[in-house]
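**Q**
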Amino acid sequence: SEMASHPDPLYIFKKNMAQICCLFLCPEGMFELLYVGTEQGFVHIWDLKTKRELKSVKVSDKACLAIIQLTDYFVTQEKGFGLKYWRVVNLEWYFLKAVEVNYYGFCKILVRNEQIYCPCDNGVIRVFQRDDEVRIMKCNGDSNRGEVMCMKFLKDRNRLLVAYECGVLSLWVLDDNPKIVFEIKFNDTPMCLEVCELTEEGILGTSGESLKKFAIKNDIINETRSSVLKNPGVSCVSIRKDGRLVVAGCWDGRIRYFSMKQLTLLAVLEHHSEGAIQCVMFSEKILSSYPADILFAAGCDGRISLWDLYSSKKICSK
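Residue numbers (this note's numbering): 499 to 816.
1) Just curious, the beta strand (DSSP E) that H504 is in, first and last residue?
2) Please state whether the Cβ-Cβ distance between F651 and L709 is less than 8 angstroms.
3) What are the uninterrupted segments assigned as beta strand (DSSP E) that are 3 or more residues long and contained completely in the segment 722–803, given in chain order?
4) Give me the Cα-Cα distance between L785 and N642, rounded to the nearest whole angstrom.
5) What distance in whole Å lies between the Cβ atoms of G700 and V693, which are believed to be in contact at a cut-off of 8 angstroms?
6) Would H542 be called buried (16 or more neighbouring beta carbons within 10 Å of its own) or exposed?
7) Buried or exposed, going by whether 16 or more other CB atoms sit within 10 Å of the CB of R481?
8) Does the segment 530–550 touch the segment 622–634, meaning 3 or more C-beta pairs lie closer than 8 angstroms?
9) CB-CB under 8 angstroms to I813, same chain, minus the five flanking residues each way: which ones, in chain order?
10) Assign K620 to one of three DSSP states: helix, strand, or coil.
11) Could you tell me the distance, in whole angstroms, from the CA atom of K512 to the CA atom of I518?
12) What is the residue span of the beta strand (DSSP E) that P594 lies within?
13) Please state whether the Cβ-Cβ distance between A520 and A564 is less than 8 angstroms.
14) Take A516 and list the residues in its own chain whose beta-carbon comes closer than 8 angstroms to its own, dropping the five residues that flank it on each side.
15) Going by DSSP, what residue range makes up the beta strand (DSSP E) through E530?
16) Under three-state DSSP, which class holds C648?
17) Whole-angstrom Cβ separation of F684 and L669, contact assumed at under 8 angstroms?
18) Are there 16 or more other CB atoms within 10 angstroms of the CB of R862, so buried, or fewer, so exposed?
19) Taking 8 angstroms as the cut-off, decide whether the C-beta atoms of S705 and T722 are in contact.
20) Alpha carbon to alpha carbon, how far is D506 from A596? Give it in angstroms, no decimals.
21) Taking the alpha-carbon of A765 as reference, which of F756, P789, Y602, S554 has the nearest alpha-carbon?
22) Measure the alpha-carbon distance for S771 versus D806 and round it to whole angstroms.
23) Whose C-alpha, out of W544, R738, Y602, is nearest the C-alpha of A561?
24) For the beta strand (DSSP E) containing C520, name the first residue and the last one.
25) Could you check whether L589 and K553 sit closer than 8 angstroms to each other, using their CB atoms as the reference points?
26) In terms of residues, what are the limits of the beta strand (DSSP E) holding Q575?
27) Enumerated in chain order, which unbroken segments of the beta strand (DSSP E) with a length of 3 residues or greater are wholly contained in the segment 546–575?
28) Could you give the DSSP three-state label for Y615: helix, strand or coil?
29) Since K783 contacts L523 with CB under 8 angstroms, what's their CB separation in whole angstroms?
30) Who are the Cβ neighbours of G835 in its own chain at under 6 angstroms, not counting the five residues just before and after it?
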């Protein structure tokens, strides 16, 4: 059994936002901006210092699944459509071009060396440089993997983990001719994936009743631990950069904290009232107005809650 914990969030951002699909923390310079993509195709831009919404931009008619920033422009991923490229000047968004991609799932695009890794239907990943396709990654002679569910680069950025609908987690080595070097199969459908750059240990959230921990060593993946959840379904996970704490955003609307070492359940937060938690994200950067490693959580209720539990100073040894 599990008891809900009742600490208060540090802060809540709410302002007529639809279901939240993605969060992107602006990495650059002096600005501390949080970009929020919603189910209705808006990007809401929040100033984290003043805690005010600066602007909302309509980027699509369908859900905005991901927001990424490249050197010269932003890219948004529209569910069921593809990619849109934007030039952003002083918070004004100027549409540049669109690239249609056949994909109706929820897997988010990733960036590596200014190249965009984009999920497509039938388990294919297309790689774009600007808006030109550079290469296609697909598994030879095995079309029954189902859709790409989630992807994550390893620290060296030369290896990519890809989880497929059939439960297979594949390790790709990325070169001019990308290839799979290892695979492991899980029973449930993968929903989300995170890897600690410090330890190369990862967490897989699934449609089932367990959270999986795995380790990657010499390009071999081993499942090392599993933690049973009270209710099935994890839509998002985040590992704190010191590798000690993992947070799962769950279908039952709860945020669950675990120790990374043993996957011991530490806290269950019931703050979000309706629907699943869609995004959990530890801040990678130092924010002037908040503690280090603050957690952002958001979901179907259109709110973003900010948490500071088990701060790095208090060691998680469980």
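We treat Cβ as the ideally placed atom computed from N, Cα and C, and that holds for glycine.
**A** The structure says:
1) Counting along the chain, H504 sits inside no beta strand (DSSP E), nor does DSSP assign it H or E at all.
2) Cβ atoms of F651 and L709: not closer than 8 angstroms.
3) As far as the segment 722–803 is concerned, its whole beta strand (DSSP E) runs of at least 3 residues are 732–737, 743–748, 753–757, 763–767, 775–780, 793–797.
4) Straight-line measurement puts the Cα of N642 at about 44 angstroms from the Cα of L785.
5) About 4 angstroms separates the beta carbons of V693 and G700, which is inside the 8 angstroms limit, making them a contact pair.
6) By the neighbour-count criterion, in which a residue is buried when 16 or more other Cβ atoms sit within 10 angstroms of its Cβ, H542 is buried.
7) Since the first residue shown for the chain is 499 and the last is 816, residue 481 is missing from the structure and cannot be characterised.
8) The segment 622–634 vs the segment 530–550: no contact.
9) Because I813 sits at a pLDDT of 40, beneath the cut-off of 50, its placement in the model cannot be relied upon, and the point is left open.
10) Sequence inspection shows Asn at residue 620; the Lys mentioned does not correspond to that position. N620: helix per DSSP, three-state reduction.
11) Using only the alpha carbons, I get a separation of about 11 angstroms.
12) Sequence check: residue 594 is Leu here, not Pro. It spans 590–598 - the beta strand (DSSP E) in which L594 sits, taken as one unbroken run.
13) Note that residue 520 is Cys in the sequence shown, not Ala. Using a Cβ distance threshold of 8 angstroms, C520 and A564 count as a contacting pair.
14) Counting only residues of its own chain and dropping the five nearest sequence neighbours on each side, A516 has a CB closer than 8 angstroms to the CB of T536, E537, Q538, F540, G800.
15) Careful: E530 lies outside any beta strand (DSSP E) and carries neither H nor E.
16) In the three-state reduction of the DSSP assignment, C648 falls in the strand class, which pools E and B.
17) For a cut-off of 8 angstroms, the C-beta gap from F684 to L669 is around 14 angstroms, too long to register as a contact.
18) Here the chain has residues from 499 to 816 only, and residue 862 is not among them.
19) 8 angstroms or more divides the Cβ of S705 from the Cβ of T722.
20) So the alpha carbons of these two residues sit roughly 42 angstroms apart.
21) For the residues F756, P789, Y602, S554, the minimum Cα distance to A765 belongs to F756.
22) One C-alpha to the other measures close to 20 angstroms.
23) Answer by Cα proximity: Y602.
24) Following the DSSP letters along the chain, one finds C520 inside the beta strand (DSSP E) bounded by residues 518–523.
25) Taking 8 angstroms as the Cβ cut-off, K553 and L589 qualify as a contacting pair.
26) From DSSP, the beta strand (DSSP E) with Q575 extends over 572–576.
27) Listed in chain order, the complete beta strand (DSSP E) runs (minimum 3 residues) inside the segment 546–575 are 550–556, 562–567.
28) Strand, per DSSP.
29) Rounded, the Cβ-Cβ distance is 7 angstroms, consistent with contact.
30) It is not possible to answer for residue 835, since the shown part of the chain is limited to 499 through 816.
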